[in-house]
Amino acid sequence: MAIQRTEILRRLYAQRDAGRPIVGCGAGTGISAKMAEAGGSDLIIIYNSGRYRMAGRGSLAGLLSYGDANAIVVEMAAEVLPVVKDTPVLAGVNGTDPFRLMPVFLRQLKEIGFSGVQNFPTVGLIDGAFRANLEGTGMGYALEVEMIRQARELDLFTSPYVFDADDAVAMARAGADQLVAHVGLTTAGSIGASVALTLDEAIDRVMTIAEAGRSVRSDILVICHGGPFDEPENVGVALGRMPGIAGFFGASSIERLPTERAIRGQVEAFKELRLAVSEPVGAR
């Protein structure tokens, strides 16, 4: 069931003010979402990369032409929304999709039962000549900003990914409730990224993003995501060095890494078992 934006904000500010981090969880399956809620997740976010990630593919699969990202989110809603009882569920929306009437699609997401949105897939993860050509041919980040603005007008909770100070200013002006400072793909695990910022570099980027967003609205929430922010210990160290950062959003770090460890460990434990000694066949 969708939860009102004002209620989501009340809960999130209460968490922050009590000194507890806001924890958003990416979910690629119904069981991931169900267990994230059981663990106390403040927000659950579903988008196409979650499906690919839990299929053993890297998260960047969500940026390639392997499927209709917005259609996949609607499909995933049928798996996730019925099992989540009292946690806001956000839809990852491909804001650059040229085959959607975005205000219509956003209304559909709200009617389905989503409480808010995030901009994913996002061209913010693309750089170089390809990014320049996307921007130059009308498929740039500005469309994601516009999607967030339209979602805000529909009173959906908005929690966009931002990658630098300019993104933070643009999304804050569009009315974003919470900025997710994205510092790159999560590095750990079997399909983690091989290139990432150091922890010091990631902290500096998050603080730069937060300062930019708060230059527009002093009350905007800012949380961190990605790169070296992978395990609770690392995130705890980082949050201790980032005054004013209200929490963390985990996707691979919430569902992929624990799943990899748990399944492998369980199989290894079963393989360590020994059968009862019996008389060899044909020995009599």
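6 is the number of the first residue of the sequence shown in my numbering; add one for each residue after it. Think of the CB as a built atom: it goes at the ideal place given N, C-alpha and C, for glycine as much as any other residue. No experiment lies behind these values; they were computed from the predicted model shown.
Pick out whichever of the options has its Cα sitting closest to the Cα of residue i.
{"i": "I259", "options": "S37, R105, V211 and D172", "result": "S37"}
{"i": "I293", "options": "P263, L161 and G249", "result": "Since the displayed the chain opens at 6 and closes at 289, residue 293 lies outside it and no answer follows."}
{"i": "L111", "options": "I27, T163 and N53", "result": "T163"}
{"i": "I49", "options": "A23, R21 and M6", "result": "M6"}
{"i": "Y52", "options": "A43, L68 and Q20", "result": "L68"}
{"i": "T203", "options": "L244, G118, G189 and L184", "result": "G189"}
{"i": "V88", "options": "A32, R279 and H187", "result": "A32"}
{"i": "V240", "options": "Q271, D205 and L159", "result": "D205"}
Short of 8 angstroms in beta carbon distance, which residues of its chain neighbour residue i, apart from the five on each side in sequence? Order them along the chain.
{"i": "Y71", "result": "Y57"}
{"i": "A137", "result": "none"}
{"i": "G45", "result": "V28"}
{"i": "Q20", "result": "P26, I27, D47, A251 and G252"}
Helix, strand or coil for residue i? Go by DSSP, reduced to three states.
{"i": "A96", "result": "strand"}
{"i": "T142", "result": "coil"}
{"i": "T213", "result": "helix"}
{"i": "A181", "result": "coil"}
{"i": "G45", "result": "coil"}
So, for residue i: in the same chain, excluding its five sequence neighbours on each side, which residues have a beta-carbon less than 7 angstroms away from its beta-carbon?
{"i": "V221", "result": "V174, A177 and R178"}
If you draw a straight line from the alpha carbon of residue i to that of residue j, how long is it in whole angstroms?
{"i": "A147", "j": "F234", "result": "27 angstroms"}
{"i": "A60", "j": "D91", "result": "27 angstroms"}
{"i": "I153", "j": "T101", "result": "12 angstroms"}
{"i": "A41", "j": "L95", "result": "14 angstroms"}
{"i": "P103", "j": "D132", "result": "20 angstroms"}
{"i": "I77", "j": "V85", "result": "12 angstroms"}
{"i": "R25", "j": "E277", "result": "40 angstroms"}
{"i": "M212", "j": "A281", "result": "60 angstroms"}
{"i": "R269", "j": "E238", "result": "22 angstroms"}
With 16 other CB atoms within 10 Å as the buried threshold, where does residue i fall?
{"i": "Q123", "result": "buried"}
{"i": "L17", "result": "buried"}
{"i": "Q155", "result": "buried"}
{"i": "T142", "result": "exposed"}
{"i": "S223", "result": "exposed"}
The ligand GDP and residue i: does any heavy atom of the ligand fall closer than 7 angstroms to the residue's C-beta?
{"i": "G31", "result": "The ligand GDP is not among the ligands present in this structure, which contains no ligands whatsoever."}
Leaving out the 5 sequence neighbours to the left and right, which residues in its chain are closer than 6 angstroms to residue i when beta-carbon positions are compared?
{"i": "S54", "result": "S64 and G67"}
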